[in-house]
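Shown next, in structure tokens, is the structure this report addresses.
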Amino acid sequence: MILSSIISDGMVLQRNKKVTLSGNTTPFQQVEMSFLGKSYRTISDSNGVWKITLENLEAGGPHQMRISADEEILLQDILIGDVWVLGGQSNMELPISRTLDLFSEEMKAVNSPFIRKFHVPQNYDFHEPQHILTRGEWVAANQESVLEFSAVGYFFAKELYELYGVPIGLIHTAVGGTPAEAWISEKTLLELGGYENRLIQCKDDSYIATTKSADEERQTNWFNVLNEKDLGLKEAWFNKELAHSSAWSEFQLPNSWHGSELEAIRGSVWFRKEFELPALMTDCEAKLAMGTIIDADETYINGILIGSTGYMYPPRRYSIPSGLLKPGRNSIAVRVMTTQNTGSFIKEMPYKLFANDQELDLSGTWHYRIGAMMKQLEPATFFQYEPAGLYNGMIAPLNHYQVKGVLWYQGESNTHTPEGYRTLFRNVVKDWRANWDNSEFPFIYTQLANFDTGAKDTENNNWAVLREEQRKSLTLPNTAMAVTIDIGESNDLHPQNKKTLGQRLALSARKLAYNDDIIYSGPLYQKMERIGSSIHLHFDHVGGGLTARNGALQCFMISGKDGRFVPATASIHGPTVVVYHEQINEPCHVRYAWEDNPVEANLYNKEGLPASPFSTETGQ
1 MILSSIISDG MVLQRNKKVT LSGNTTPFQQ VEMSFLGKSY RTISDSNGVW KITLENLEAG
61 GPHQMRISAD EEILLQDILI GDVWVLGGQS NMELPISRTL DLFSEEMKAV NSPFIRKFHV
121 PQNYDFHEPQ HILTRGEWVA ANQESVLEFS AVGYFFAKEL YELYGVPIGL IHTAVGGTPA
181 EAWISEKTLL ELGGYENRLI QCKDDSYIAT TKSADEERQT NWFNVLNEKD LGLKEAWFNK
241 ELAHSSAWSE FQLPNSWHGS ELEAIRGSVW FRKEFELPAL MTDCEAKLAM GTIIDADETY
301 INGILIGSTG YMYPPRRYSI PSGLLKPGRN SIAVRVMTTQ NTGSFIKEMP YKLFANDQEL
361 DLSGTWHYRI GAMMKQLEPA TFFQYEPAGL YNGMIAPLNH YQVKGVLWYQ GESNTHTPEG
421 YRTLFRNVVK DWRANWDNSE FPFIYTQLAN FDTGAKDTEN NNWAVLREEQ RKSLTLPNTA
481 MAVTIDIGES NDLHPQNKKT LGQRLALSAR KLAYNDDIIY SGPLYQKMER IGSSIHLHFD
541 HVGGGLTARN GALQCFMISG KDGRFVPATA SIHGPTVVVY HEQINEPCHV RYAWEDNPVE
601 ANLYNKEGLP ASPFSTETGQ
């Protein structure tokens, strides 16, 4: 007998709904199930497929389930509660282990056996929707396992469990870097149009195999040649006793390579620094924070490799074993490898050594030397990004597994063409609800956080446009949106404060899924009125009233008949915001927080929830 791997020990079943469990056995085989003192029987069909539906499941557990057909399977430690799907890309995928700068102490106390996650194995299929998962297991949250939980998902689940005492199951489907179209069915994509050629090409298994093989060979060869050419490896520039010569130049860290002789370098550059340590910071385990580095790095302390990271996004947080650091002079060497991007030690990040409750700042003057120069490494083809593949491989197999709702955090990978994202997202929601045969389950999503993309043209900020597409998606029934423009990090695509986000998503779930009478959203633009030379803005979700944090309202812009937006004066008048500019007598439109990185946006309701960015040009 074959069961989908999600039907396994430790699973969480959705309470108060008809829950259908299925599997495969021999054709026309009698299948028996015993659960919660009840017995169920059915006969498999001509293909060996069987289904049994459970009803009136009340929250609780753990329970046992026995399934008998051509063999007997005993499933143990089953909970009944609320099951939520976690969808999207890397900010939903981001594990707790990547947020420990903020939450390391809190994680030391985690012991939550009634919060569990099932990580759907990453799998794409371009031929047809799949019906069974062959890998994956249910894992309860404890001090060790929680580090691999989605940070957003864990903090969301923690809020709900503490409120309702009901077990929470998280089905993790998010995959980093994925655009929305990877999560939409082929049928829907064909109806939308524009995806036909790529859908056909990806059905060619030989094309996929050849492309992946060529990519792997190209990348392997590139790094092999780099390592062979790298003078720093040949001469061991990581050694503690290396003396600096005139061949080494100075570099102020943190900093970008832009504007320096390193800007065009693709290959490897070595950075070194010597530092003095007091005895109290030695003979103990220590930690090194090296900010975030573009692209890859290998980091050495006193000649010993302590950590490496293969791509640009993760924060560099490396453990230093006890005994490696010595009183007095020590050395650190960082080999930075740039494959496609201009290198950088990202600013406004920690570059410090921590030991025995002491810290040492490592920013300032370093020395560098080029190890090897290479041609740019062309990027690989990531087939998990292609249309329909992940829908078929990761979403379709879940269609019989009943859920409470969906949490979604995605959009960064669609910011290159933000117009029309609303259509894509609407079809994600449509397809997912159809997959679970539930046209109304809550679909709660995250609006893009603030992030400095480097865009200079305030008229064409793609992240702002996509946020507007997300705001406009609230016309979909039973949806809610968590605004995050105040909890992002301008220098990090993956902000660490996923706790506040989890709490905001939980507020939306309390309203949509649990029917609590609460304020769950920040102010949302409703309509505008032109009164004299000012524009009066009206909002939904005002709650206890509008308020400005940290002084006067910021981030409002206004346009006249020429369509040119300029910074405006804005003030709160009861439930409205009045916006004007002294030199614009006939105002036409207003924008709020219309930037990729609107760090000064400060309109909230008194419940502490931020207003969504908006433009009156696009309507409610």
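Read in UniProt numbering, the sequence shown has 58 at position 58, and its numbers run on one by one without any break.
Glycine included, C-beta positions come from ideal geometry on N, C-alpha and C.
Since the model is a prediction, treat every value here as computed from it, not as a measurement.
1) To test your reading of the DSSP string, which unbroken beta strand (DSSP E) runs of 3 or more residues are found completely within the UniProt domain "Sialate O-acetylesterase" (82-189)?
2) Under 8 Å by Cβ, that's how I've got P315 and T292 pegged, so tell me the actual separation to the nearest angstrom.
3) Is the Cβ-Cβ distance between E181 and L190 less than 8 Å?
4) Suppose only complete runs of 3+ residues qualify. What are the beta strand (DSSP E) ranges in the UniProt domain "Sialate O-acetylesterase" (389-508), listed by chain order?
5) Quick one: using the 10 Å Cβ neighbour count with 16 as the cut-off for buried, is E93 buried or exposed?
6) Start and end of the beta strand (DSSP E) containing S213?
7) Output yes or no for whether 8 Å exceeds the beta carbon distance between residue 629 and G81.
8) Mind checking residue 638: buried by the 16 CB within 10 Å criterion, or exposed?
9) Taking the beta strand (DSSP E) that L524 falls in, what are its first and last residues?
10) In chain order, what are the residue ranges of uninterrupted beta strand (DSSP E) at least 3 long that sit wholly in the segment 251-306?
11) List the endpoints of the continuous alpha helix (DSSP H) containing E196.
12) Give every residue of the same chain whose Cβ lies closer than 6 Å to the Cβ of A151, excluding the five residues on either side of it in the sequence, and list them in chain order.
13) Buried or exposed: which applies to E159, given that a residue is buried once 16 or more other Cβ atoms fall within 10 Å of its Cβ?
14) Among L133, D125, F156, V110, which one has its Cα closest to the Cα of W84?
15) When the Cα of T282 is compared with those of L305, N330, G563, which residue comes out closest?
16) Using only alpha-carbon positions, find the residue among P587, F539, I395, D516 that is nearest to Y164.
17) Where F556 and R504 are concerned, what is the direct C-alpha to C-alpha distance, given to the nearest angstrom?
18) Exposed or buried, what is F271 when buried is set at 16 or more other beta-carbons lying within 10 Å of its beta-carbon?
19) Taking DSSP's pairing of strands, which residues face R329 in a bridge?
20) At which residues does the beta strand (DSSP E) containing L54 begin and terminate?
21) Could you round the C-beta distance between G267 and T338 to whole angstroms and report it? I think they count as a contact, below 8 Å.
22) Just list the residues that DSSP pairs G60 with in beta bridges.
23) Here's the rule I'm using: 16 or more other beta-carbon atoms within 10 Å means buried, otherwise exposed. How should K117 be labelled?
24) Buried or exposed: K404, going by 16 or more other Cβ atoms within 10 Å of its Cβ?
25) When DSSP labels each residue in this structure, what does L512 get in the three-state scheme?
26) Going by beta-carbon coordinates alone, are H541 and N605 separated by less than 8 Å?
27) Cutting at 7 Å between CB atoms, please list the residues of its own chain near residue 627, excluding the five before and the five after it.
28) Using the Cα positions of Y580 and P477, report the straight-line distance between them to the nearest angstrom.
29) Go through its chain and collect everything with a Cβ distance to V146's Cβ below 7 Å, but skip five positions before and after it.
30) Leaving out the 5 sequence neighbours to the left and right, which residues in its chain are closer than 8 Å to L377 when beta-carbon positions are compared?
31) Please report the straight-line C-alpha distance between S612 and A69, rounded to a whole angstrom.
32) Assign Q89 to buried or exposed, taking buried as 16 or more other Cβ atoms, counted over all protein chains shown, within 10 Å of its Cβ.
The relevant details are as follows:
1) 111-119, 138-142, 168-172
2) 5 Å
3) no
4) 405-409, 443-446, 479-482
5) buried
6) Where S213 is concerned, there is no enclosing beta strand (DSSP E), although the alpha helix (DSSP H) it sits in stretches over 205-229.
7) This structure does not reach residue 629, given that the chain is present from 1 up to 620, and the question cannot be answered.
8) In the structure displayed, the chain extends from 1 to 620; residue 638 sits before or after that span and is not available.
9) 524-531
10) 267-277, 286-290, 296-301
11) 196-202
12) L94, I96, T99, K498
13) buried
14) F156
15) N330
16) D516
17) 24 Å
18) buried
19) E276
20) 49-54
21) 7 Å
22) I80
23) buried
24) buried
25) helix
26) yes
27) As shown, the chain starts at 1 and ends at 620. That puts residue 627 outside it, with no answer to give.
28) 34 Å
29) I96, M107, V110, Y154
30) R218, Q219, W222, R266, T339, Q340
31) 54 Å
32) buried
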